[in-house]
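Trainee: I'd like to ask some things about the structure below.
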Amino acid sequence: MIVEWLDVFQFIKITFSNQSAGLGLKIMAIAGCAFYMHEIGASKSLVRVLTRPLMHIKHMPYLFMAICFLVGEFLSIFITSASGLGVLLMVTLYPLMRSVGLSPIMMTIVMVLIIMVSAILMGSGNAAFLSFANLVPDIAGKMGIAPVMMLLPMQFVAGMSRNISPITPNMVAIAGVADVSPFDLAKRTAVPMMGGIIISIFVSILQF
Numbered sequence: 263m264i265v266e267w268l269d270v271f272q273f274i275k276i277t278f279s280n281q282s283a284g285l286g287l288k289i290m291a292i293a294g295c296a297f298y299m300h301e302i303g304a305s306k307s308l309v310r311v312l313t314r315p316l317m318h319i320k321h322m323p324y325l326f327m328a329i330c331f332l333v334g335e336f337l338s339i340f341i342t343s344a345s346g347l348g349v350l351l352m353v354t355l356y357p358l359m360r361s362v363g364l365s366p367i368m369m370t371i372v373m374v375l376i377i378m379v380s381a382i383l384m385g386s387g388n389a390a391f392l393s394f395a396n397l398v399p400d401i402a403g404k405m406g407i408a409p410v411m412m413l414l415p416m417q418f419v420a421g422m423s424r425n426i427s428p429i430t431p432n433m434v435a436i437a438g439v440a441d442v443s444p445f446d447l448a449k450r451t452a453v454p455m456m457g458g459i460i461i462s463i464f465v466s467i468l469q470f
């Protein structure tokens, strides 16, 4: 028993097995549900049912954009897989955003904000970016814009948002060496990072 506990390769094998069984099944279940909803036309039915109520806010796209962002972040509390959440949002909120008439720029901002909050909560920019990046070509193609218009600000924001998260390894390491709280350090880095995020989004939209 002690030998097995000291066996590094056995530990790695057990860890990978547990992670694959847990996270992998979650992603497959959510993706399967999303694909099934798309195939049976549930997404179109959702748009058709909600079109009438959405007509009241059709002339207020920014309000609907804020609502979509809040719904996405609320679901992220219960759906721990960013990939699964992204697929689910694509068959639920995305058709609604198109029916309301959100512009490509607004769609880009929504995606960037979701990436930013996910990176802050998870402490990893790569995990947040890579989970949603594979959805961008499909979204950009349907909106008639270049995928790089969405991918570029998403990548920049994912990298900068890591420096706002107090649980990011580099923030924890620096705070430990400096003998300060990671939360205090995150408060100091939030202002310049937010400025950089706004500028990167603005420049990306202007360039493309």
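In my numbering, the protein residues as written are 263 to 470.
Ideal Cβ placement from N, Cα and C applies to all residues, glycine included.
Just so we're clear, the structure is a prediction, and the values are computed from it rather than from any experiment.
Taking all protein chains shown into account, decide if S443 is buried (16 or more other Cβ within 10 angstroms of its Cβ) or exposed.
Mentor: By 1-based counting over the sequence shown, the position of residue 443 is 181. Exposed: under 16 other Cβ atoms inside 10 Å.
Trainee: Using three-state DSSP, classify L375 as helix, strand or coil.
Mentor: Counting from one through the sequence shown, the residue named residue 375 turns up at place 113. It is helical.
Trainee: Drop a sphere of 10 angstroms on the beta-carbon of R424, count the other beta-carbons inside from all chains shown, and report buried for 16 or more, exposed for fewer.
Mentor: The residue labelled residue 424 in the question sits at position 162 within the sequence shown. R424 comes out buried.
Trainee: By Cβ distance, which residues of its chain are closer than 8 Å to L447, with the 5 residues on each side in sequence left out?
Mentor: Residue 447 sits at position 185 when you count from the first residue of the sequence shown. Cβ neighbours of L447 beyond the five flanking positions: P428, M433, I436, A437 and A440.
Trainee: Could you give the first and the last residue of the continuous alpha helix (DSSP H) run that contains G457?
Mentor: For this step, residue 457 is matched to residue 195 along the sequence shown. P444 to Q469 is the span of the alpha helix (DSSP H), which, as asked, contains G457.
Trainee: Going by the beta-carbon positions, is the gap between I407 and Y356 smaller than 9 Å?
Mentor: As a working note, residue 407 is residue 145 in the sequence shown. As a working note, residue 356 is residue 94 in the sequence shown. No, these two residues do not count as a Cβ contact at 9 Å.
Trainee: Tell me which same chain residues have a C-beta within less than 7 Å of the C-beta of I367, skipping the five on either side of it?
Mentor: Indexing the sequence shown from 1 puts residue 367 at position 105. Contacts found: I467.
Trainee: Exposed or buried, what is S462 when buried is set at 16 or more other beta-carbons lying within 10 Å of its beta-carbon?
Mentor: Reading the sequence shown from its first residue, position 200 is the one you call residue 462. Buried: at least 16 other Cβ atoms inside 10 Å.
Trainee: Look at the alpha carbon of G458 and the alpha carbon of L383, and state the distance between them as a whole number of angstroms.
Mentor: Position 196 of the sequence shown, counted from the first residue, corresponds to residue 458. Position 121 of the sequence shown, counted from the first residue, corresponds to residue 383. Computed Cα separation, rounded: 19 Å.
Trainee: With 16 as the cutoff for other CB atoms within 10 Å, does L350 come out buried or exposed?
Mentor: For the purposes of this step, residue 350 is taken as the residue at position 88 of the sequence shown. By the 10 Å Cβ count, L350 comes out buried.
Trainee: Could you have a look at N425 and say whether DSSP puts it in helix, strand or coil?
Mentor: Along the sequence shown, one-based indexing puts residue 425 at 163. Residue state, collapsed to three classes: helix.
Trainee: Under 9 Å, do F326 and L364 count as touching if we go by C-beta distance?
Mentor: Working through the sequence shown from its first residue, we reach residue 326 at position 64. Working through the sequence shown from its first residue, we reach residue 364 at position 102. Going by C-beta atoms, F326 is nearer than 9 Å to L364.
Trainee: Distance, Cα to Cα, I276 vs C295?
Mentor: For this step, residue 276 is matched to residue 14 along the sequence shown. For this step, residue 295 is matched to residue 33 along the sequence shown. So the alpha carbons of these two residues sit roughly 28 Å apart.
Trainee: Return helix, strand or coil for T354, following the three-state DSSP convention.
Mentor: Here the question's residue 354 lines up with position 92 in the sequence shown. Helix, per DSSP.
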